[in-house]
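Scroll down for the structure; my scribbles are underneath it.
Structure follows, in structure tokens:
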């Protein structure tokens, strides 16, 4: 029997790739996905923060608390 | 004795079909349902984001955090 | 000793009957109750979405995440 | 040693009596308390919905999700 | 070794005394503390509801759901 | 091997000292920290409530529900 | 087999370094990271509070409740 796909598998395939993380406060963080856990806490590297499409900051390493995230997409 | 239907059975029947996921922030994501878990974290493929009925973005793979979802419907 | 009634018993008696589910965002979904779980995740069939009393959409099957629900009533 | 009173005891004494349930969205539901559980999910019968003191609907049976409730009082 | 004080000890010392319970919606309930539990669900007796300092209702017994409470003080 | 510091250690060092507790509703409570638990429920004694920098009330003992707290600082 | 990186590892590498903690209420706290736990409760030392980019307060030790945090970044 084949095991069924799980949502965290998709995040796992994005490790070390650039992803776009969107927050409930509408901020976006684009960076390389270094790690995540079951709470969807996420760590990104080489990060751009964007608000309303504008780059607002460049950041080295960002820890994002899972419960503030709405969606994570590959660019 | 027949086992009673459970809500996740309905999601299971929608695997690999197009579904419409609505978020608390009123964004909609329409795409092929690839996976979900008991927190209702969801992964969609070939996704259109819509806001107020307008397509705002096309995305490859989107991970949606369960606690931001209100309803999931078949189109 | 008689066992005391529990809230989920009331939902159980509404299986396959039409119910009205109200959400925190003030949307209403009227449809046949197919299943629910202890998180009050709910699946309805043959659904009408209503906003401010107006029918806004007809939907086949709708999964509603429990934590977005305020009340469920029989019509 | 006397056991100390617990909040659910007070709800238990109100079974089959009319109670007033108030929600975070300011709606009020007045009806006969049929059941409740540890999440404070509540079922009322013969219910009046009131908004700003006005009766807005009469309902047979209403299931109210606990996390949407602020206070429950006896009339 | 002396055991360290815990927050629920303070509530316990207020049993059968008048307390002021403040809610996230800014309502205040002043009454005799009859019981509480680890979720900080609280039952008051002989209760005055106040909004903006004005008494808005007198109530016999009030069950207050813990997650709606901000602070509880002795008058 | 030295054990690593934990956040509750810092609260523990503030027992019986004056702390400033800030709430999500922007109220501040300044008082002597008498107890706290893992939910960050907190009890203060000899308390001043401040709103926008103004002292609005003096209170004897205040129980503050953890999930309403944003930060706790030493004055 | 190499163990996979976890988000808390990144926080661990920032111990005793200056970090920027951002809250849901848009306040920022910049200080030396002294400790954190699995709820992402955090303790900072030698802290500057900033609102809209302006330094609003200097604080010695600040305990920040995890569920109020959105992101933590290295400056």
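Chains as they are written, first to last, in this note's numbering: chain U, 1 to 75; chain S, 101 to 175; chain L, 201 to 275; chain Z, 301 to 375; chain C, 401 to 475; chain G, 501 to 575; chain X, 601 to 675. C-beta atoms are modelled at their ideal positions from N, C-alpha and C, and glycine is treated no differently. It should be emphasised that the depicted structure is a prediction, and the values quoted were computed from it without experimental measurement.
Original post:
Which residues of chain X have a Cβ atom closer than 9 Å to the Cβ of residue 571/G, listed in chain order?
Top reply: Stepping through the sixth chain from its first residue, residue 571/G is reached at position 71. 623, 627, 629, 649, 659, 662, 663, 664, 665, 668, listed in chain order.
Original post:
Run through DSSP, which three-state label would residue 253/L get?
Top reply: Locating residue 253/L in the third chain gives position 53, counting from the first residue. Here residue 253/L sits in coil by DSSP.
**OP:** Take residue 561/G and list the residues in its own chain whose beta-carbon comes closer than 6 Å to its own, dropping the five residues that flank it on each side.
**Re:** As a first step, residue 561/G must be located in the sixth chain, where it is residue number 61. These residues qualify, in order along the chain: 545.
Subject >> Sequence-distant residues of its chain with Cβ nearer than 6 Å to residue 51/U (five each side left out) >> reply: The residue given as residue 51/U occupies position 51 in the first chain. Correct list, in chain order: 27.
Subject >> Identity of the residue in 10/U, 16/U, 6/U nearest residue 43/U by Cα >> reply: As a working note, residue 43/U is residue 43 in the first chain. Checking every option, the nearest Cα to that of residue 43/U belongs to 16/U.
**OP:** State buried or exposed for residue 41/U, treating a residue as buried only when at least 16 other CB atoms are found within 10 Å of its CB.
**Re:** For the purposes of this step, residue 41/U is taken as the residue at position 41 of the first chain. By the C-beta density criterion, residue 41/U is buried, having at least 16 other C-beta atoms within 10 angstroms.
**OP:** Grab the span of the alpha helix (DSSP H) containing residue 213/L for me, first residue to last.
**Re:** To locate residue 213/L, count along the third chain from 1; it is residue 13. Run containing residue 213/L: 207-213, per the alpha helix (DSSP H) assignment.
**OP:** Quick one: using the 10 Å Cβ neighbour count with 16 as the cut-off for buried, is residue 638/X buried or exposed?
**Re:** In the seventh chain, counting from the first residue as 1, residue 638/X sits at position 38. Exposed is the call here.
Subject >> Own chain residues within Cβ distance below 6 Å of residue 472/C, not counting five before or after >> reply: Stepping through the fifth chain from its first residue, residue 472/C is reached at position 72. Within the same chain, residue 472/C has close Cβ partners 419, 421.
Subject >> Closest Cα partner of residue 574/G within the set 669/X, 670/X, 674/X, 657/X >> reply: Numbered from its first residue, the sixth chain carries residue 574/G at position 74. Closest by alpha carbon: 657/X.
Original post:
What three-state label does DSSP hand residue 46/U in the structure shown?
Top reply: By 1-based counting over the first chain, the position of residue 46/U is 46. Note: residue 46/U maps to strand in three-state DSSP.
Original post:
In terms of DSSP beta bridges, what is residue 528/G paired with?
Top reply: Here the question's residue 528/G lines up with position 28 in the sixth chain. DSSP, once it has assigned bridges, lists 522/G, 550/G as partnering residue 528/G.
**OP:** Please confirm whether any heavy atom of the ligand HEM lies closer than 7 Å to the CB of residue 124/S.
**Re:** Only the bare structure without any ligand can be found here, which leaves the ligand HEM out of the picture.
Original post:
How many angstroms separate the CA atom of residue 410/C from the CA atom of residue 368/Z?
Top reply: Locating residue 410/C in the fifth chain gives position 10, counting from the first residue. Locating residue 368/Z in the fourth chain gives position 68, counting from the first residue. Computed Cα separation, rounded: 27 Å.
Original post:
By how many angstroms is the C-alpha of residue 331/Z removed from the C-alpha of residue 355/Z?
Top reply: Here the question's residue 355/Z lines up with position 55 in the fourth chain. Here the question's residue 331/Z lines up with position 31 in the fourth chain. For residue 355/Z and residue 331/Z, the distance between alpha carbons rounds to 12 Å.
**OP:** Just the C-alpha distance for residue 159/S and residue 165/S, rounded to the nearest angstrom, thanks.
**Re:** One-based indexing of the second chain puts residue 159/S at position 59. One-based indexing of the second chain puts residue 165/S at position 65. Cα to Cα, residue 159/S sits roughly 16 Å from residue 165/S.
Original post:
Per DSSP, what kind of secondary structure is residue 162/S in: helix, strand or coil?
Top reply: Position 62 of the second chain, counted from the first residue, corresponds to residue 162/S. Strand, per DSSP.
Original post:
What separation, rounded to the nearest whole angstrom, lies between the Cα atoms of residue 133/S and residue 112/S?
Top reply: On the second chain, residue 133/S is found 33 positions in, with the first residue counted as 1. On the second chain, residue 112/S is found 12 positions in, with the first residue counted as 1. Going from the Cα of residue 133/S to the Cα of residue 112/S covers about 9 Å.
Original post:
Residues of chain X with CB under 7 Å from residue 574/G, in chain order?
Top reply: Indexing the sixth chain from 1 puts residue 574/G at position 74. Result: 660, 661.
Original post:
Which residues of chain L have a Cβ atom closer than 9 Å to the Cβ of residue 106/S, listed in chain order?
Top reply: Counting from 1 along the second chain, the entry for residue 106/S is found at position 6. Neighbours of residue 106/S on chain L, chain order: 235, 236, 237, 241, 243.
Subject >> Within-8 Å CB hit, residue 409/C to chain G >> reply: Mapped onto the fifth chain, residue 409/C falls at position 9. Chain G contact via Cβ: present.
Original post:
By how many angstroms is the C-alpha of residue 504/G removed from the C-alpha of residue 425/C?
Top reply: To locate residue 425/C, count along the fifth chain from 1; it is residue 25. To locate residue 504/G, count along the sixth chain from 1; it is residue 4. The alpha-carbon atoms of residue 425/C and residue 504/G are separated by roughly 39 Å.
**OP:** Express the C-alpha separation of residue 608/X and residue 536/G in angstroms, rounding to a whole number.
**Re:** Within the sixth chain, numbered from 1, the residue matching residue 536/G stands at position 36. Within the seventh chain, numbered from 1, the residue matching residue 608/X stands at position 8. If you draw a straight line from the Cα of residue 536/G to the Cα of residue 608/X, it comes to about 25 Å.
Subject >> 8 Å Cβ shell around residue 670/X - same chain, five flanking residues per side excluded >> reply: Within the seventh chain, the letter at position 70 stands for residue 670/X. Hits under 8 Å: 622, 623, 624.
**OP:** Measure the alpha-carbon distance for residue 314/Z versus residue 648/X and round it to whole angstroms.
**Re:** Along the fourth chain, read from residue 1 onward, the residue named residue 314/Z stands at position 14. Along the seventh chain, read from residue 1 onward, the residue named residue 648/X stands at position 48. Computed Cα separation, rounded: 52 Å.
Original post:
What residues in its chain sit with their C-beta under 8 Å from that of residue 163/S, if we drop five residues either side in the sequence?
Top reply: Numbered from 1 along the second chain, position 63 holds the residue referred to as residue 163/S. Answer for residue 163/S: 141, 142, 143, listed in chain order.
Subject >> DSSP bridge partner residues for residue 74/U (one or two, in chain order) >> reply: Counting from 1 along the first chain, the entry for residue 74/U is found at position 74. Beta-bridge partners assigned by DSSP to residue 74/U: 19/U.
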